[in-house]
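Written below as structure tokens is the structure these notes are about.
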Amino acid sequence: MDIKQMLLDTTDQQNHARWTGAIYALRDLMSHMKGLLETKGCTHKSFSEDMVQYVGEELKRYKELSETTEIGKKMKEIGGNNGT
Numbered sequence: 623m624d625i626k627q628m629l630l631d632t633t634d635q636q637n638h639a640r641w642t643g644a645i646y647a648l649r650d651l652m653s654h655m656k657g658l659l660e661t662k663g664c665t666h667k668s669f670s671e672d673m674v675q676y677v678g679e680e681l682k683r684y685k686e687l688s689e690t691t692e693i694g695k696k697m698k699e700i701g702g703n704n705g706t
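For the sequence shown, my numbering begins at 623 and goes up steadily by one.
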């Protein structure tokens, strides 16, 4: 393997890991915000609704980024979903 390919593979793996990590973080945040929406005492529902929408959009964006990496494509091809 040449050095250029090795660097490209390393960058691809790091990007995949970073974006997959972002997916998990955004899912946790969205779950928390949904919990706020369901709480009877929540007085900031419009804020929570906006945050859930925003986080949902970011989640979709990071998932798409993750799936553009070579490892993401391979995982999708073999039936893995990277936890997404």
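Note that beta-carbon positions come from the ideal geometry of N, C-alpha and C, so glycine has one too.
Excluding five sequence neighbours on each side, which residues of the same chain lie with their C-beta closer than 7 angstroms to the C-beta of E671?
Cβ within range, chain order: L659.
Return helix, strand or coil for E679, following the three-state DSSP convention.
helix
Hey, D634 and E699: beta-carbon distance below 8 angstroms or not?
no
Out of curiosity, what's the CA-to-CA distance linking H666 and K682?
24 angstroms
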